[in-house]
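Notes for the one structure printed next.
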Amino acid sequence: MEKRLIKKETLAGIVGELAGKMRVCAPMKAEDQVLFRVLEAGEKPLVDFANTKNAPKNFLFPRTETMLKYTRTGKGMVFAGEETDGGQTLLFGVRP
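Numbering (our numbering), first residue to last: 2 to 97.
As structure tokens, this is what we get:
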């Protein structure tokens, strides 16, 4: 197997490009804090950081989630929801 080395600056650029193709959650500088948030296309994540103020698990497990929608009619209940595809999500900068 061939070993390759990727520089931190290059890795941040690669993750920034992936943000245009999928949902990317990464650490970003917000004023004087480091927070996990969804990157926009072309944004580069913060590579050197000590700790974030929010947990990355919030992006995988939301606090609330709509499981089913229905409408009450004269004939009874009618299913009014549709399944949503969450798509692909990349969590960058998560550590154990």
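Glycine included, each C-beta is placed from N, C-alpha and C at the ideal position.
Remember, it's a predicted structure, so these values are computed and weren't measured experimentally.
Exclusion of the five residues before and after T53 leaves P28, V35, L36 and F37 as the residues of its chain whose Cβ lies within less than 7 angstroms of its Cβ.
Under the three-state reduction of DSSP, G14 is assigned to helix. Between the stretch 16–23 and the stretch 37–46 there are three or more C-beta pairs closer than 8 angstroms, enough to call the two in contact. Per DSSP, the continuous alpha helix (DSSP H) segment holding K58 begins and ends at K58 to L61. For R24, the uninterrupted beta strand (DSSP E) segment begins and ends at R24 to A31. For L19, the secondary structure class from DSSP, reduced to helix, strand or coil, is helix. Contact check for P57 and V25: beta-carbon distance about 12 angstroms, past the 8 angstroms limit, so the pair fails to qualify. Just so you know, the alpha carbons of L12 and L91 end up roughly 13 angstroms apart. Pairing K8 with F80, the inter-Cα distance amounts to about 51 angstroms.
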